[in-house]
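Under the numbering used here, the first residue of the sequence shown carries the number 2, and numbering increases by one thereafter. Cβ coordinates follow ideal geometry from the N, Cα and C atoms, glycine included.
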Amino acid sequence: MRKALRPRAGLMSPWLLAALLLIAAPAYCEAPAKGMKPAAAKTAAAHPPGTAIASAHSLSTQAGLEIVRQGGNAFDAAIAVSAALSVVEPISSGIGGGGFFLLHDAKTGRDVFLDARETAPAAATPAAYLDDKGELNRDRATNGPWSAGIPGLPAALAHLAQKYGKLPLKTSLAPAIRIAREGFQVYPRLEKGYGSRREVMERYRGTREVFLADGNPPKAGEILKQPDLARTLELLAAKGFDGFYRGDVGAKLLAAVKEEGGQWTPEELSGYKVVEREPLRLKYRGWDIVTAPPPSSGGVAFAEILQMLEGWDLAKLDPAHRTHILAEAMRRAYRDRTIYLGDPDFVKIPLRRLTSADYAAGLRATIHPDKATPSDLLPGQPAPLEDDETTHFSIIDAQGNRVSATQTVNLLYGSGMVAPGTGVLLNNEMDDFALRPGTPNAFGVMGFAANAPEPGKRMLSSMTPSFMESKDKVIALGAPGGSRIITQVLLAVLAYDAGLAPQQVAAQPRIHHQWMPDVISAEAGALDADTVAKLQAMGHKVNAGESTWGNLQTVMWDKAAGTLSGGTDPRNPVGQADVLLTP
Ligand code: DON
Numbered sequence: 002m003r004k005a006l007r008p009r010a011g012l013m014s015p016w017l018l019a020a021l022l023l024i025a026a027p028a029y030c031e032a033p034a035k036g037m038k039p040a041a042a043k044t045a046a047a048h049p050p051g052t053a054i055a056s057a058h059s060l061s062t063q064a065g066l067e068i069v070r071q072g073g074n075a076f077d078a079a080i081a082v083s084a085a086l087s088v089v090e091p092i093s094s095g096i097g098g099g100g101f102f103l104l105h106d107a108k109t110g111r112d113v114f115l116d117a118r119e120t121a122p123a124a125a126t127p128a129a130y131l132d133d134k135g136e137l138n139r140d141r142a143t144n145g146p147w148s149a150g151i152p153g154l155p156a157a158l159a160h161l162a163q164k165y166g167k168l169p170l171k172t173s174l175a176p177a178i179r180i181a182r183e184g185f186q187v188y189p190r191l192e193k194g195y196g197s198r199r200e201v202m203e204r205y206r207g208t209r210e211v212f213l214a215d216g217n218p219p220k221a222g223e224i225l226k227q228p229d230l231a232r233t234l235e236l237l238a239a240k241g242f243d244g245f246y247r248g249d250v251g252a253k254l255l256a257a258v259k260e261e262g263g264q265w266t267p268e269e270l271s272g273y274k275v276v277e278r279e280p281l282r283l284k285y286r287g288w289d290i291v292t293a294p295p296p297s298s299g300g301v302a303f304a305e306i307l308q309m310l311e312g313w314d315l316a317k318l319d320p321a322h323r324t325h326i327l328a329e330a331m332r333r334a335y336r337d338r339t340i341y342l343g344d345p346d347f348v349k350i351p352l353r354r355l356t357s358a359d360y361a362a363g364l365r366a367t368i369h370p371d372k373a374t375p376s377d378l379l380p381g382q383p384a385p386l387e388d389d390e391t392t393h394f395s396i397i398d399a400q401g402n403r404v405s406a407t408q409t410v411n412l413l414y415g416s417g418m419v420a421p422g423t424g425v426l427l428n429n430e431m432d433d434f435a436l437r438p439g440t441p442n443a444f445g446v447m448g449f450a451a452n453a454p455e456p457g458k459r460m461l462s463s464m465t466p467s468f469m470e471s472k473d474k475v476i477a478l479g480a481p482g483g484s485r486i487i488t489q490v491l492l493a494v495l496a497y498d499a500g501l502a503p504q505q506v507a508a509q510p511r512i513h514h515q516w517m518p519d520v521i522s523a524e525a526g527a528l529d530a531d532t533v534a535k536l537q538a539m540g541h542k543v544n545a546g547e548s549t550w551g552n553l554q555t556v557m558w559d560k561a562a563g564t565l566s567g568g569t570d571p572r573n574p575v576g577q578a579d580v581l582l583t584p
């Protein structure tokens, strides 16, 4: 295979490729650079010259920097950013949801994957999600109390403060509490998302109290205040874990779920535990990559795709063959995701096989140099797309600590249900389980036994918070976007490898293949007409010019240059990457 392709190589140099990516990038750059301030120290040093934070809203980025100014480290800043995102981006994530925090502790050199994924309540059996015809009850799977898993994010914030932070939780949560109480300006994405979930959200008393407080849905430009959420955050700040999972807030969450016909037990709520897992590690062309293990599917897919790609010098391929090879590698990895992956505490995952170079070499050998493999010729079953809610942030601080965190309530505004009196919007993460084997979920992704719901089990995720490190560079990166998270982060790894800067990495046009549907999706500007025609001639179906997706947030410490810089996805006009230099 490799030999067959090599003669085609040489049509494009890495520099030409980088230049093309740069030319394509301005298509997304209508918004200002949003505070992307690469900042340099005068000499290369063992430590970064300050702290860099990239997140999906300027208020959350600034909340993190405020905590650093008060003496906080990256982990304290992560608490501030995460909680502020919970307040200003209820559409994407929140303390009623969950997430993954990839941490690097500079003092010990240790990387930790903090798993704050939601868990299934015992009542959430597969049968509970079927209608009387035995079909998946989509309303139950995605709306209201049955769609919600036991939240994990508040436990993660308490754990971060207790084990990794320098400041009390109270201090790190203060900016989020202030923003919840004083309010923030509604932006178009929030208003639009509300419109698309309005019918569901307005079913619930608690949701109406927050989002229809003045009788009307949130409108861009208005100030949205969330006093109940401020109080819940204050209780979390004062009492840690117990402030959310027990006492007044816990009781209100249980009562709300019950009132709306769901079933959570007090033991399930107070028994929630974050799990510290060993991250997945792999090497790609001189980069050490540290990334998400199960119950995320991201790292495993990464390991498969990147190791398959090692067979080619991508920079030397013409755009059509580069896209072909990428799509073929993606197709194969996503097939394995569907079949094998789930919560490692419940299912036996053939991790050693799926992540081994030999296995990847076997898969690579099945890739035809210029012919698409129809997905239905690979064993398994079909699975289409996810969308782009959720949120990611990346931090590197002056000590070299790092955080790469992706957090979510799953679909826009999660379950749509706020527990009255708490301001907590519950997630609808249960839909990430294979509630009915082989039936696609809201995004068209499906699964089988490995990802069936069981009491206390975590639903499979695509969230892939990651680090990459070379001799000269340390990078934190990640993105939302459902099943497109993995390919977004993968393309970012390839772009960094091609020498792009963080803002260019965040802006570059995207392509995606996820096995089923058997199609290459491409953003406008990602593939030109000639490339599309060549891919079609190889047997690919191509959806060129799809509307954009994703919201990548990344920061980089260039050790050789002694600089810190950030990239925030220009597809989201309210994101911000910013750097605070150590005085
Ligand atoms: O964990 C996951 O993979 C999903 N719940 C993430 C959802 C997401 O990114 C929403 N965007 N489409």
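Contact test: P481 Cβ vs ligand 1 heavy atom, cutoff 7 Å: Translated into positions along the sequence shown, residue 481 becomes position 480. Within the cutoff, so yes.
At least 3 beta-carbon pairs within less than 8 Å: the region 277–287 vs the region 441–454: no
Span separating the alpha-carbon of E203 from that of V89: Against the sequence shown, residue 203 aligns to sequence position 202. Against the sequence shown, residue 89 aligns to sequence position 88. Using only the alpha carbons, I get a separation of about 19 Å.
N- and C-terminal bounds of the alpha helix (DSSP H) containing Y285: Along the sequence shown, read from residue 1 onward, the residue named residue 285 stands at position 284. Run containing Y285: none in the alpha helix (DSSP H); it sits in the beta strand (DSSP E), 281–285.
Beta-carbon separation (whole angstroms), Y246 vs V575, contact threshold 8 Å: Your numbering for residue 246 matches position 245 in the sequence shown. Your numbering for residue 575 matches position 574 in the sequence shown. Between V575 and Y246 the Cβ distance is about 31 Å, and since that is not below 8 Å, they are no contact.
CB contact flag (A78, T52, <8 Å): One-based indexing of the sequence shown puts residue 78 at position 77. One-based indexing of the sequence shown puts residue 52 at position 51. Closer than 8 Å, so yes.
Opening and closing residue of the beta strand (DSSP E) in which S395 lies: Taking the sequence shown and counting its residues from 1, one reaches residue 395 at position 394. Residue range 392–397 is occupied by the beta strand (DSSP E) that includes S395.
CA nearest to the CA of T583, picked from D570, L565, V556, S87: Within the sequence shown, residue 583 is the residue found at index 582, counting from 1. That would be L565, whose Cα lies nearest to the Cα of T583.
Check: E269 C-beta below 7 Å from any heavy atom of ligand 1: Taking the first residue of the sequence shown as position 1, residue 269 is located at position 268. No, the beta carbon of E269 sits no closer than 7 Å to any heavy atom of ligand 1.
Cα-Cα separation, T569 to S271: Locating residue 569 in the sequence shown gives position 568, counting from the first residue. Locating residue 271 in the sequence shown gives position 270, counting from the first residue. Spanning the two alpha carbons is a distance of roughly 36 Å.
In chain order, each alpha helix (DSSP H) run of at least 4 residues that lies wholly inside the region 116–198: 139–143, 154–164, 170–183
V250, DSSP secondary structure in three states: For the purposes of this step, residue 250 is taken as the residue at position 249 of the sequence shown. The answer is helix: DSSP assigns V250 an H, G or I state.
Expected contact under 8 Å - CB spacing of L103 and F468 to nearest Å: Position 102 of the sequence shown, counted from the start, is the residue given in the question as residue 103. Position 467 of the sequence shown, counted from the start, is the residue given in the question as residue 468. Rounded, the Cβ-Cβ distance is 6 Å, consistent with contact.
Option in V520, N552, A534, A238 with minimal Cα separation from Q163: Within the sequence shown, the letter at position 162 stands for residue 163. The residue with the shortest Cα to Cα distance from Q163 is A238.
Assigned exposure category for A1 - 16 Cβ within 10 Å defines buried: In the structure displayed, the chain extends from 2 to 584; residue 1 sits before or after that span and is not available.
Reference G343, options R118, F76, L581, closest by Cα: For the purposes of this step, residue 343 is taken as the residue at position 342 of the sequence shown. Nearest of R118, F76, L581 to G343, Cα basis: R118.
Neighbour-count burial assignment, K220, 16 or more Cβ in a 10 Å radius: The residue you call residue 220 lines up with position 219 of the sequence shown. K220 is exposed by the Cβ-count criterion.
D570 CB to nearest heavy atom of ligand 1 below 7 Å: Along the sequence shown, read from residue 1 onward, the residue named residue 570 stands at position 569. No, the Cβ of D570 stays beyond 7 Å of every heavy atom of ligand 1.
Chain-order list of residues whose beta-carbon lies under 6 Å from that of A231 (same chain, five-residue window excluded): Counting from 1 along the sequence shown, the entry for residue 231 is found at position 230. Same-chain partners within the cutoff: I178, A181, R182.
Candidates G207, L161, S59, D133: closest to L254 by CA position: Residue numbering aside, residue 254 sits at position 253 when the sequence shown is read from its first letter. Selected option, being the one with the closest Cα: G207.
Cross-strand partners of H513 (DSSP beta bridge): The residue you call residue 513 lines up with position 512 of the sequence shown. Its beta-bridge partners are S522.
Contact belief for S93 with E390 at Cβ below 8 Å, rounded distance in angstroms: Translated into positions along the sequence shown, residue 93 becomes position 92. Translated into positions along the sequence shown, residue 390 becomes position 389. In this structure, S93 and E390 form a Cβ contact; the two beta carbons are roughly 5 Å apart against a cut-off of 8 Å.
Among H541, Q504, L137, E192, the one whose alpha carbon lies nearest that of S522: As a first step, residue 522 is located in the sequence shown; it is residue number 521 there, counting from the start. For S522, the nearest C-alpha among the options comes from H541.
Buried or exposed by the 16-neighbour rule on C-beta atoms within 10 Å, applied to T423: By one-based count along the sequence shown, residue 423 stands at place 422. So T423 counts as buried.
Per-residue burial, R338 [other beta carbons within 10 Å of its own, 16 or more giving buried]: Stepping through the sequence shown from its first residue, residue 338 is reached at position 337. With 16 or more other Cβ atoms within 10 Å, it is buried.
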